[in-house]
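Here is the structure we will look at, set down as structure tokens.
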């Protein structure tokens, strides 16, 4: 049922993973697309043909050519280079915000589920409130108030992600905490901390990974949306959403300035969705066995 | 049933209060003096003082909080810093546009999503199923602003079927519809994807039920089994989809309104942001919080109404 059922060395875990991936081919598609994006982002400084913020007024708004594969924008900057550099922002904001939200949410959720009563009410009550506010609006509000930069953007997204993981972590914790192996651990005098970390956490890891992947998809979309609104990382730093925003001014005559970066957002979000969706099907016994 | 309604109603009030509190807190943590943010650092001390008094920022924090809370509950959201008009009035002028858009978006989602979901469930693991599933994953991977731009490029600029800017005169119903179609499809896109997926999974579950097998065994025609026996029950969980994805719906309506330059809550919140009109920003957030709590309440109650098991829990 879980993605990583038992400890059994790295080799074992790897084999399990391959098996999980093989159960649903779409997760392979997602993983491959994602790896391509990551490689492009990492290699951006070496493979980008031009400096992403170098302006060249003489060649502004030129359509795609051998010189500029995807054309140039209104400042004559090379669009391909900007997309490659922009991948770094999208991928890092997307993953870091979700990892942050996941860490905070999971710890709170396990704690709430394990302790129960007062702590459960308090923590889950606060989480419900945060969850009531749509991700985009939360991002809008936090970034508008704290100012648009990489750190605030990441925090804003993490704030809306955390409650979802608290929910995900809490439910299985409650069902696991009275199972024999946890009871046995308690009888042997293990601390609550140790039980939560060593015995409950591994059991929910699979679901966390699946939801994490799906939430990175959302986070990338939200980052792009906020940048499009003008609340992302400040120009001239290239971000995909920001590029679409700038291109939107010339949408009638030079639509490609907006179209190309959008394709990359779409592929990245799709990659995370394919990955998460495939993994979810693979580890969900209800969907698998029929 | 009444007990269930009251219990559920009782649960919404603390959530609403807490969300209002959260909005208040976030707006108050603006670094520096909001009055200076609005007027710029060249403003005179008197002007700053006057604006602070107008914004109610000279009062103690607790008093500000209570004023805000009781005001919000009475429908008094203060005056917009920019226009000087009551925030509620500003909201009410644009609210019909957002309601039109949202309802149309959900309708499109249901009209296309339910049949597609049934199709994928009935022809499970076929090419059709696979194709529609990948397509629906595509649909929910589209950032709403990007799909809006593409729709405009194709249907408003290339083919000129619809206006580029969606700013209808609401009393002219023909125009109202004409300006609604493209933005509504943009908002509907993600709803189609979500509804297709949830119809599929709830249909799959229902199709395995004993009574469906019995009906089949009795020789009830296949289509009647699918639509009468299965779909009717499979539709119940779909009610919750709207509650579940309300956040996405709201976020995407904001982006849709921005790209189509369509009046509405989304455009209002963006104007509030760019003009640093904090009372307006706060007011629109209160309205959103209110809408979210009410819609969640309604979907929960509907769910309780159509599925008797829920209210007895």
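Protein chains in written order, with the working numbering: chain X, 3 to 292; chain C, 22 to 334.
No residue lacks a Cβ here, since even glycine has one placed at the ideal position from N, Cα and C.
The structure presented is a predicted model; accordingly, all values stated were derived computationally and were not measured.
Against chain X: residues of the segment 260-280 of chain C by CB proximity under 9 Å: Cβ contacts with chain X: 267, 268, 269, 270, 271, 272, 273, 275, 276, 279 and 280.
Three CB pairs or more closer than 8 Å across the segment 152-169 of chain X and the segment 95-110 of chain X: Yes, since at least three Cβ pairs between the segment 152-169 of chain X and the segment 95-110 of chain X fall closer than 8 Å, the two stretches touch.
Under 7 Å by beta carbon: chain C residues contacting residue 231(X): The residue you call residue 231(X) lines up with position 229 of the first chain. Under the 7 Å cutoff, chain C gives 279 and 291.
Residue interval of the alpha helix (DSSP H) (run including residue 152(C)): As a working note, residue 152(C) is residue 131 in the second chain. Run containing residue 152(C): 148-162, per the alpha helix (DSSP H) assignment.
Contact list for residue 216(C) against chain X, beta-carbon separation under 9 Å: As a first step, residue 216(C) must be located in the second chain, where it is residue number 195. Per Cβ cutoff of 9 Å: no residues; residue 216(C) is ~16 Å from chain X at best.
Any non-hydrogen atom of the ligand MN within 8 Å of residue 181(C) CB: This structure does not include the ligand MN; it has no bound ligands of any sort.
Sequence-distant residues of the same chain with beta carbon closer than 6 Å to residue 150(C), five excluded per side: Counted from its first residue, the second chain places residue 150(C) at position 129. Excluding sequence positions up to five before and after residue 150(C), its CB lies within less than 6 Å of the CB of 141 and 144, all in the same chain and listed in chain order.
Alpha helix (DSSP H) segments (min. 4 residues) lying fully within the segment 244-302 of chain C: Listed in chain order, they are 253-265, 267-281 and 286-295.
Helix, strand or coil at residue 80(X) according to DSSP, with G and I counted as helix: Locating residue 80(X) in the first chain gives position 78, where the first residue counts as 1. Reduced to three states, the DSSP call for residue 80(X) is strand.
Environment of residue 91(C) [buried if 16+ CB atoms lie within 10 Å]: Start at 1 with the first residue of the second chain, and residue 91(C) comes out as number 70. Classification for residue 91(C): exposed.
Spatial distance of residue 48(X) from residue 187(X) (CA atoms): Here the question's residue 48(X) lines up with position 46 in the first chain. Here the question's residue 187(X) lines up with position 185 in the first chain. Residue 48(X) and residue 187(X): Cα-Cα distance of roughly 52 Å.
Under 7 Å by beta carbon: chain C residues contacting residue 272(X): On the first chain, position 270 is the one that residue 272(X) refers to. Those are 158, 159 and 162, listed as they occur along chain C.
Residues near residue 308(C) by beta carbon distance below 6 Å, same chain, minus five either side: Taking the first residue of the second chain as 1, we reach residue 308(C) at position 287. Cβ neighbours of residue 308(C) beyond the five flanking positions: 112.
9 Å Cβ cutoff, residue 306(C) in contact with chain X: The residue you call residue 306(C) lines up with position 285 of the second chain. Yes, residue 306(C) lies at the interface with chain X (some Cβ there is under 9 Å from its Cβ).
Residue 263(X) - DSSP class collapsed to helix/strand/coil: By one-based count along the first chain, residue 263(X) stands at place 261. If DSSP states are grouped into helix, strand and coil, residue 263(X) belongs with the helices.
Cβ-based neighbour list, residue 247(C), same chain, cut-off 7 Å, excluding 5 preceding and 5 following: As a working mapping, residue 247(C) is identified with position 226 in the second chain. Here the set comprises 139 and 143.
Backbone CA spacing between residue 252(C) and residue 220(X) [nearest angstrom]: In the second chain, the residue the question calls residue 252(C) occupies position 231. In the first chain, the residue the question calls residue 220(X) occupies position 218. Going from the Cα of residue 252(C) to the Cα of residue 220(X) covers about 30 Å.
Residues of the segment 166-197 of chain C with Cβ closer than 8 Å to any Cβ of chain X, in chain order: Residues passing the 8 Å Cβ filter: 166, 167, 170, 171, 173, 174 and 178.
For residue 74(X), the three-state DSSP class (helix, strand or coil): Stepping through the first chain from its first residue, residue 74(X) is reached at position 72. In the structure shown, residue 74(X) sits in a strand (DSSP, three-state: E or B).
Per-residue burial, residue 241(X) [other beta carbons within 10 Å of its own, 16 or more giving buried]: Position 239 of the first chain holds residue 241(X). Classification for residue 241(X): buried.
Integer-rounded CB distance, given that residue 289(C) should sit under 8 Å from residue 314(C): Within the second chain, residue 314(C) is the residue found at index 293, counting from 1. Within the second chain, residue 289(C) is the residue found at index 268, counting from 1. That belief does not hold up - the Cβ atoms of residue 314(C) and residue 289(C) are roughly 20 Å apart, past 8 Å.
Contact with chain C by residue 221(X), beta-carbon distance below 9 Å: Here residue 221(X) refers to the residue found at position 219 when the first chain is read from its first residue. It does not: the Cβ of residue 221(X) has no partner Cβ on chain C nearer than 9 Å.
Beta-ladder partner(s) of residue 107(C), from DSSP: Translated into positions along the second chain, residue 107(C) becomes position 86. Paired residue(s): 100(C).
Interface residues of chain C facing residue 275(X) [CB-CB closer than 8 Å]: Mapped onto the first chain, residue 275(X) falls at position 273. Counting only Cβ-Cβ distances below 8 Å, residue 275(X) has contacts in chain C at 158, 161 and 162, in chain order.
The segment 242-252 of chain X in contact with the segment 163-174 of chain C per 3-pair CB rule at 8 Å: Yes, they touch.
Chain X contact residues for residue 36(C), given Cβ-Cβ distances below 9 Å: What you label residue 36(C) is simply residue 15 of the second chain in a count that begins at 1. Per Cβ cutoff of 9 Å: 127, 130, 131 and 134.
The segment 101-109 of chain C contacting the segment 297-304 of chain C, beta-carbon criterion three pairs below 8 Å: Contact between the segment 101-109 of chain C and the segment 297-304 of chain C is established, with three or more Cβ pairs separated by less than 8 Å.
Neighbourhood of residue 278(X) by C-beta, 6 Å cutoff - its chain only, sequence neighbours within 5 removed: Within the first chain, the letter at position 276 stands for residue 278(X). Within the same chain, residue 278(X) has close Cβ partners 212, 215 and 216.
Beta carbon of residue 171(X) nearer than 9 Å to that of residue 124(X): By one-based count along the first chain, residue 171(X) stands at place 169. By one-based count along the first chain, residue 124(X) stands at place 122. Against a cut-off of 9 Å, the Cβ pair of residue 124(X) and residue 171(X) comes out as no contact.
Under 9 Å between C-beta atoms of residue 143(X) and residue 132(X): As a working mapping, residue 143(X) is identified with position 141 in the first chain. As a working mapping, residue 132(X) is identified with position 130 in the first chain. Contact flag unset, no.
Proximal chain C residues relative to residue 279(X), where beta-carbon distance stays under 7 Å: If you number the first chain from 1, residue 279(X) lands on position 277. Chain order gives the chain C residues near residue 279(X) as 158, where near means a beta carbon separation below 7 Å.
Alpha carbon of residue 49(C) to alpha carbon of residue 72(C), nearest angstrom: Working through the second chain from its first residue, we reach residue 49(C) at position 28. Working through the second chain from its first residue, we reach residue 72(C) at position 51. Straight-line Cα distance between these residues: approximately 15 Å.
Residue 185(X) to residue 179(X) span [Cα, whole Å]: If you number the first chain from 1, residue 185(X) lands on position 183. If you number the first chain from 1, residue 179(X) lands on position 177. The C-alpha of residue 185(X) lies about 7 Å from the C-alpha of residue 179(X).
For residue 293(X), the three-state DSSP class (helix, strand or coil): What is shown of chain X runs 3 to 292, which leaves residue 293(X) out entirely.
Contacts that residue 118(C) makes with chain X (C-beta to C-beta distance below 7 Å): Taking the first residue of the second chain as 1, we reach residue 118(C) at position 97. None at all; the shortest Cβ gap to chain X is about 18 Å.
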